[in-house]
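Heads up: the structure comes next, in structure tokens.
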Amino acid sequence: MRPRPHSEEGRVGRSREEPAGFEEGENGIDEGRRRLVGAAVVGALVLAPGVSLIAYAEADGRRATGASSKRRWGLLIDTTKCKPSCTACVTACSSYNGWKNEGRPTDPQWIRKVQVTDPKTGFSRSVPVMCQHCANAPCVEVCPTGASFRRADGIVLVDRHICIGCRFCMMACPYKARSFVSENLTEQKPWAPRGKGTVEGCTLCVPRIDAGKVPACVEACAREGGGAMTFGNLKDPASALSRALAEYPSVQLRADLMLDPGVHYRGL
Amino acid sequence: MNAIHYREIDGRSAGFWGLAALLLTFMAAGATAGYFMERIGHIITGMTNQVVWGMPHVFAVFLIVAASGALNVASIASVFARVEYKPLARLSGLVAIALLIGGLAILVLDLGRPDRIGLALTHYNFRSIFAWNIFLYTGFIVLTGWYLWVMMERRLNRYGRMVGTVAFLWRLILTTGTGSIFGFLVARQPYDEAIMAPMFIVMSFSFGLAIFILVLMGAFKGTGRALGDQLLMRLKNLLGVFAAAVLYFLLAFHITKLYEAEFRGSEAFLLWNGGIYTALFWFGAVFLGGVLPMLLFWLPQTRRSRNAVAWGSASVVVGGLALMYDIIIGGQAWPLSIFPGMQVSSSFYDGVVNYYAPSLPECALGLGGCALALFITLFALKLLPFLPETLADEQGQAG
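Protein chains in written order, with the working numbering: chain A, 1133 to 1400; chain B, 1258 to 1656.
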């Protein structure tokens, strides 16, 4: 099987200040490993310019080393804490990944706020919706070339090197989580490669995760929003994410489709 | 049994070259549209992140579905041993290949990255019905080419039934695959039915035979060859039955959908209050694609008319395109149900009927693919003996 790039960003260490929202349990990143990563940062800063060039050149053939099937990254979004007027998660995603929504129907939206109202009761919630990183992802199933793929740690990505732009994944996704790049782009972020004629969507900020950080939306929600997003390892029963899921009722969107999304919602 | 004599068409008349020039013009327009869609991007089309498959898919899927149906005449002759259809078998195989190539050309040029088409041949995801279709399409061209060779090479004629049977089974699987592209889309309420696979097979019978009849009548009229009434009336009756079968499948499909409360919103949209989509369904798919051809074919006033056969066949083609537009575009216009039973709104057009208007480049690309199919047919008729010298009634019956 063809190896895939696991991340387009050079590996860097975890931020000194652990952002709120990231929760690792006993099986998570230990202190020794953090120091090791810290040392790697120093080395990376020295070697980065040359190594990066090689890394980008070889990205297509690089074997994934950052993903482990011992983890499944997921999110819990507490809609009771999500304010309708707040778009911190959307702004952070757009800023970090370099996509812009100018209000045109061809513009990408990797994450969006959806106002959900029950017409029978009037009960209303504001809900961030992005790629749900399904265990049984329809986009992965239907992709003819295998460009849509799921990493060992559950993150669903598009390999832009082999996406032919057929858009079948967009037809198959129940969450409208993917966008098609309809025109030439400039000033892409090096860690979020995007290109005309290919499909894209939320990567769960995979370069940040591989660097030990939380996704940009989670960080922004904790900093500027209501702290509605909890990120963590679904396979670790001790993680705050797993504990919250065990303690409070939550739902997955379109759970009837049995896709087992990695994103859970509370308060819907 | 009388021997059938086949002969190339002369292809020297002003009409021939005029038609070739017209088709080349459409092909050039299609290629230009494909070039600009690749260079500038799909921003020049009407497609958006809401309606991701547009007019090119309408034409492409129509041609691909019709391609497998066009092979039916050959199958009837060799697989089901109806000798009266045998003189038409070569033309049937040719039209089938030409339509498929025309459809595939559109599909490839509509890709976001058509330059990567080679990847589709080297990177397979075997769980993808799309990847299966790549196999099925290329296999169909190879098998039908082999079938034509067996039919045209006298010493290989004895294998005709065997190869014809394989090609027939292949075409059934192919159209099952095409219908399943939509039938497997469980997330979209207007699709998500297993019946779409057999429905597409029946649609292929109807669209393919209609195009075949039009090509047959055009080729015989253009070359001044005799085409007997009995053969034409037999084909016309068959097309009438196929058109009725499409209506039956549409009825079964929508009745099933209407029975399930989950789908009533999307069904009301497509069948009752969906504007252009409702009009295309009732006037296009049902009336032009089914009712009008049946009236033309079987009303006492028109049942013997050759013009009625031509107009009825053309009506099936137009109705078929309308049905394909209704299925592909109408199916995407209806919003996804991410929060069933809830009212939703967002900056990403959640909860609203999606707008789509085809652009000129999209239409040019679609028509260019149709022109390519006819161009291949036209020049193949000039290069190789596909057409019988005569299909006058006595020859047509004797085969």
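Beta carbons are placed, not taken as given, at the ideal position from N, Cα and C, and that holds for glycine.
Of the listed residues the options, nearest to residue i (C-alpha basis)
{"i": "residue 1289 (chain B)", "options": "B:1311, B:1623, B:1463 and B:1400", "result": "B:1623"}
{"i": "residue 1271 (chain A)", "options": "B:1319, B:1432 and B:1443", "result": "B:1443"}
{"i": "residue 1238 (chain A)", "options": "B:1347, B:1353, B:1300 and B:1365", "result": "B:1300"}
{"i": "residue 1322 (chain A)", "options": "A:1227, A:1371, A:1315 and A:1281", "result": "A:1227"}
{"i": "residue 1448 (chain B)", "options": "B:1462, B:1342 and B:1587", "result": "B:1587"}
{"i": "residue 1199 (chain B)", "options": "A:1361, A:1314 and A:1391", "result": "Lying outside 1258 to 1656, the shown extent of chain B, residue 1199 (chain B) is not represented and no answer is given."}
{"i": "residue 1541 (chain B)", "options": "B:1280, B:1629 and B:1507", "result": "B:1507"}
{"i": "residue 1283 (chain A)", "options": "A:1254, A:1198, A:1221 and A:1234", "result": "A:1198"}
{"i": "residue 1301 (chain A)", "options": "B:1421, B:1458 and B:1382", "result": "B:1382"}
{"i": "residue 1308 (chain B)", "options": "A:1299, A:1222, A:1366 and A:1324", "result": "A:1299"}
{"i": "residue 1307 (chain A)", "options": "A:1381, A:1394, A:1344 and A:1236", "result": "A:1394"}
{"i": "residue 1365 (chain B)", "options": "A:1362, A:1296, A:1355 and A:1201", "result": "A:1296"}
{"i": "residue 1396 (chain B)", "options": "B:1370, B:1372, B:1434 and B:1495", "result": "B:1434"}
{"i": "residue 1555 (chain B)", "options": "B:1518, B:1520, B:1491 and B:1344", "result": "B:1491"}
{"i": "residue 1343 (chain B)", "options": "B:1405, B:1505, B:1539 and B:1632", "result": "B:1405"}
{"i": "residue 1409 (chain B)", "options": "B:1349, B:1451 and B:1388", "result": "B:1349"}
Residue i beta carbon near the ligand COA (any heavy atom closer than 6 Å)
{"i": "residue 1269 (chain A)", "result": "Among the components modelled here there is no ligand, and therefore nothing to report on the ligand COA."}
C-beta atoms of residue i and residue j nearer than 7 Å
{"i": "residue 1437 (chain B)", "j": "residue 1275 (chain A)", "result": "no"}
{"i": "residue 1380 (chain B)", "j": "residue 1364 (chain A)", "result": "no"}
{"i": "residue 1565 (chain B)", "j": "residue 1552 (chain B)", "result": "no"}
{"i": "residue 1467 (chain B)", "j": "residue 1570 (chain B)", "result": "yes"}
{"i": "residue 1626 (chain B)", "j": "residue 1316 (chain B)", "result": "yes"}
{"i": "residue 1356 (chain B)", "j": "residue 1637 (chain B)", "result": "no"}
{"i": "residue 1642 (chain B)", "j": "residue 1264 (chain B)", "result": "yes"}
{"i": "residue 1224 (chain A)", "j": "residue 1349 (chain A)", "result": "yes"}
{"i": "residue 1432 (chain B)", "j": "residue 1458 (chain B)", "result": "yes"}
{"i": "residue 1401 (chain B)", "j": "residue 1333 (chain B)", "result": "no"}
{"i": "residue 1645 (chain B)", "j": "residue 1266 (chain B)", "result": "no"}
{"i": "residue 1322 (chain B)", "j": "residue 1460 (chain B)", "result": "yes"}
{"i": "residue 1421 (chain B)", "j": "residue 1336 (chain B)", "result": "yes"}
{"i": "residue 1400 (chain A)", "j": "residue 1211 (chain A)", "result": "yes"}
{"i": "residue 1326 (chain B)", "j": "residue 1621 (chain B)", "result": "no"}
C-alpha gap between residue i and residue j, whole angstroms
{"i": "residue 1445 (chain B)", "j": "residue 1591 (chain B)", "result": "8 Å"}
{"i": "residue 1206 (chain B)", "j": "residue 1414 (chain B)", "result": "Nothing can be reported for residue 1206 (chain B): it is not among the residues displayed for chain B, which extend from 1258 to 1656."}
{"i": "residue 1291 (chain B)", "j": "residue 1559 (chain B)", "result": "42 Å"}
{"i": "residue 1639 (chain B)", "j": "residue 1500 (chain B)", "result": "32 Å"}
{"i": "residue 1511 (chain B)", "j": "residue 1214 (chain A)", "result": "40 Å"}
{"i": "residue 1470 (chain B)", "j": "residue 1463 (chain B)", "result": "11 Å"}
{"i": "residue 1390 (chain B)", "j": "residue 1358 (chain B)", "result": "14 Å"}
{"i": "residue 1297 (chain B)", "j": "residue 1557 (chain B)", "result": "55 Å"}
{"i": "residue 1647 (chain B)", "j": "residue 1479 (chain B)", "result": "13 Å"}
{"i": "residue 1324 (chain A)", "j": "residue 1230 (chain A)", "result": "7 Å"}
{"i": "residue 1306 (chain B)", "j": "residue 1589 (chain B)", "result": "10 Å"}
{"i": "residue 1363 (chain B)", "j": "residue 1489 (chain B)", "result": "31 Å"}
{"i": "residue 1537 (chain B)", "j": "residue 1326 (chain A)", "result": "37 Å"}
{"i": "residue 1493 (chain B)", "j": "residue 1282 (chain B)", "result": "32 Å"}
{"i": "residue 1585 (chain B)", "j": "residue 1634 (chain B)", "result": "27 Å"}
{"i": "residue 1302 (chain B)", "j": "residue 1373 (chain A)", "result": "43 Å"}
{"i": "residue 1531 (chain B)", "j": "residue 1543 (chain B)", "result": "16 Å"}
{"i": "residue 1269 (chain A)", "j": "residue 1288 (chain A)", "result": "8 Å"}
{"i": "residue 1294 (chain B)", "j": "residue 1220 (chain A)", "result": "35 Å"}
{"i": "residue 1384 (chain A)", "j": "residue 1391 (chain A)", "result": "9 Å"}
{"i": "residue 1535 (chain B)", "j": "residue 1439 (chain B)", "result": "19 Å"}
Which residues DSSP lists as bridging residue i, in chain order
{"i": "residue 1205 (chain A)", "result": "A:1365"}
{"i": "residue 1245 (chain A)", "result": "A:1260"}
{"i": "residue 1589 (chain B)", "result": "DSSP lists no partner for residue 1589 (chain B)."}
{"i": "residue 1645 (chain B)", "result": "B:1263"}
{"i": "residue 1488 (chain B)", "result": "Residue 1488 (chain B) pairs with nothing; no bridge assigned."}
{"i": "residue 1289 (chain A)", "result": "A:1281"}
{"i": "residue 1312 (chain A)", "result": "A:1331"}
{"i": "residue 1397 (chain A)", "result": "A:1209 and A:1383"}
{"i": "residue 1602 (chain B)", "result": "A:1247"}
For this session: Examine the Cβ distances between the region 1233-1251 of chain A and the region 1593-1600 of chain B and report whether three or more of them are shorter than 8 Å.
Result: yes
For this session: Count the C-beta pairs between the region 1576-1585 of chain B and the region 1538-1547 of chain B that are closer than 8 Å, then say yes if the count reaches three, no if not.
Result: yes
Exercise. At a cut of 8 Å, does the region 1617-1637 of chain B reach the region 1253-1267 of chain A through at least three beta carbon pairs?
Worked result: no
Exercise. On the three-pair Cβ rule with 8 Å, is the region 1519-1536 of chain B touching the region 1485-1495 of chain B?
Worked result: no
Problem set entry | the region 1328-1339 of chain A in contact with the region 1284-1300 of chain A per 3-pair CB rule at 8 Å | yes
For this session: Could you say if the region 1316-1333 of chain B and the region 1370-1380 of chain B meet the contact criterion of at least three C-beta pairs nearer than 8 Å?
Result: no
Problem set entry | Sufficient close CB pairs (3 or more, under 8 Å) joining the region 1605-1613 of chain B to the region 1270-1286 of chain B | no
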